[in-house]
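Novice: Protein chains in written order, with the working numbering: chain A, 5 to 118; chain B, 5 to 117. Beta carbons are placed, not taken as given, at the ideal position from N, Cα and C, and that holds for glycine. Quick one: structure below, then a few questions.
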Amino acid sequence: ETGVTQSPTHLIKTRGQQVTLRCSSQSGHNTVSWYQQALGQGPQFIFQYYREEENGRGNFPPRFSGLQFPNYSSELNVNALELDDSALYLCASSLGGVGPADRFFGPGTRLTVL
Amino acid sequence: GENVEQHPSTLSVQEGDSAVIKCTYSDSASNYFPWYKQELGKRPQLIIDIRSNVGEKKDQRIAVTLNKTAKHFSLHITETQPEDSAVYFCAATRPSGTYKYIFGTGTRLKVLA
């Protein structure tokens, strides 16, 4: 098992609400990337944080935002939730700045939007 | 834009047989190709990876081949076992500050005992 943890495990929200998901990266890793995995699909890249700065973003609207803290843990915030936001949200930590380093995924947060 | 196609979407094999999953990528600058195994309700786990300067890599029953000219890469599992049953994802990434992964849509492998 990797040292990457996520909370909460499951979450149920209603349309229009806001949600914050959390990720603790593996010890020694300074990069966290977030992915959205809809049912039956591959993970889709949302964005990535390297040393507290966003250094890449996928095709997701601005209501998806994030933070990385000095201890390299990270948050994903989603505002104005829509039904299509229902998915498994995965974070992955890695050691950035050294090339395509292995991504170690957390167990994910399953978000259901009603 | 960047895209990774993965085939087949489902694959059933008899225990002991081989399984092959194929991926095609669109970004010719891609240089790293990991494969992940995801069991039901669990996190994706890296099982093997290959870099663009290598044509083939093997780890026990698992091997990956890369054809840069055709922009294809494949996962080969030999002597399949029931515990190999899972969803497998290929991914590709290009040399950039982000190294974001572009994932395929997944292959559900069922190994029949």
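What's the C-alpha gap between S56 of chain B and T13 of chain A?
Specialist: Your numbering for residue 56 of chain B matches position 52 in the second sequence. Your numbering for residue 13 of chain A matches position 9 in the first sequence. Computed Cα separation, rounded: 36 Å.
Novice: Near G112 of chain A, what residues of its chain come up, given a Cβ to Cβ distance below 7 Å and the 5 sequence neighbours on each side ignored?
Specialist: Numbered from its first residue, the first sequence carries residue 112 of chain A at position 108. These residues qualify, in order along the chain: Q10, L92, Y93, L94.
Novice: Inspect the beta-carbon positions of L50 of chain B and D106 of chain A and report whether they are closer than 7 Å.
Specialist: Here residue 50 of chain B corresponds to residue number 46 of the second sequence, with the count starting at 1. Here residue 106 of chain A corresponds to residue number 102 of the first sequence, with the count starting at 1. A contact, by the Cβ cut-off of 7 Å.
Novice: Quick one: does L15 of chain B have its CB under 7 Å from some CB of chain A?
Specialist: Counting from 1 along the second sequence, the entry for residue 15 of chain B is found at position 11. Answer no: the Cβ-Cβ gap between L15 of chain B and chain A never drops below 7 Å.
Novice: Evaluate contact between the stretch 12 to 21 of chain B and the stretch 29 to 38 of chain B, counting only Cβ atoms and requiring at least three cross-stretch pairs below 8 Å.
Specialist: No, the stretch 12 to 21 of chain B does not touch the stretch 29 to 38 of chain B.
Novice: Taking the straight line between their C-alpha atoms, what separation do you get for S37 of chain A and D21 of chain B?
Specialist: Indexing the first sequence from 1 puts residue 37 of chain A at position 33. Indexing the second sequence from 1 puts residue 21 of chain B at position 17. Between S37 of chain A and D21 of chain B, the C-alpha separation is close to 36 Å.
Novice: Might you give, ordered along the chain, the residues of its own chain that have their beta carbon closer than 6 Å to the beta carbon of N81 of chain A, omitting 5 neighbours on each side?
Specialist: Here residue 81 of chain A corresponds to residue number 77 of the first sequence, with the count starting at 1. If we look at N81 of chain A and ignore the five residues flanking it on each side, its Cβ neighbours are T24, S69.
Novice: If we define contact as Cβ-Cβ less than 7 Å, is F77 of chain B a contact residue for chain A?
Specialist: Within the second sequence, residue 77 of chain B is the residue found at index 73, counting from 1. Answer no: the Cβ-Cβ gap between F77 of chain B and chain A never drops below 7 Å.
Novice: Hey, is P66 of chain A's beta-carbon within less than 7 Å of any beta-carbon in chain B?
Specialist: Counted from its first residue, the first sequence places residue 66 of chain A at position 62. No, because no Cβ of chain B sits closer than 7 Å to the Cβ of P66 of chain A.
Novice: Give a yes or no on contact between the stretch 83 to 92 of chain A and the stretch 68 to 76 of chain B, applying the rule of three or more CB pairs nearer than 8 Å.
Specialist: No, because fewer than three Cβ pairs between the stretch 83 to 92 of chain A and the stretch 68 to 76 of chain B fall closer than 8 Å, the two stretches do not touch.
Novice: Check E83 of chain B in the structure and name its three-state DSSP category.
Specialist: By 1-based counting over the second sequence, the position of residue 83 of chain B is 79. Coil.
Novice: For I106 of chain B versus E6 of chain B, is the C-beta distance shorter than 7 Å?
Specialist: Here residue 106 of chain B refers to the residue found at position 102 when the second sequence is read from its first residue. Here residue 6 of chain B refers to the residue found at position 2 when the second sequence is read from its first residue. Cβ distance < 7 Å, so I106 of chain B and E6 of chain B count as in contact.
Novice: Kindly say whether G60 of chain A, judged by its beta-carbon, lies nearer than 7 Å to any beta-carbon of chain B.
Specialist: Here residue 60 of chain A refers to the residue found at position 56 when the first sequence is read from its first residue. Yes, its Cβ sits closer than 7 Å to a Cβ of chain B.
Novice: Quick one: is T102 of chain B near chain A, going by C-beta distance under 7 Å?
Specialist: Counting from one through the second sequence, the residue named residue 102 of chain B turns up at place 98. So yes, T102 of chain B belongs to the interface.
Novice: With a 10 Å radius around its C-beta and 16 neighbouring C-beta atoms as the bar for buried, classify I50 of chain A as buried or exposed.
Specialist: On the first sequence, residue 50 of chain A is found 46 positions in, with the first residue counted as 1. I50 of chain A is buried by the Cβ-count criterion.
Novice: Could you pull out every unbroken alpha helix (DSSP H) segment of at least 4 residues lying fully inside the stretch 7 to 65 of chain B, listed in chain order?
Specialist: Within the stretch 7 to 65 of chain B, no complete alpha helix (DSSP H) run reaches 4 residues.
Novice: Beta-carbon separation of T35 of chain A and G100 of chain A under 7 Å?
Specialist: On the first sequence, residue 35 of chain A is found 31 positions in, with the first residue counted as 1. On the first sequence, residue 100 of chain A is found 96 positions in, with the first residue counted as 1. Result yes, Cβ atoms of T35 of chain A and G100 of chain A sit closer than 7 Å.
Novice: I'd like the ranges of any beta strand (DSSP E) spanning at least 3 consecutive residues and lying wholly in the stretch 84 to 114 of chain B.
Specialist: 90 to 96, all fully within the stretch 84 to 114 of chain B.
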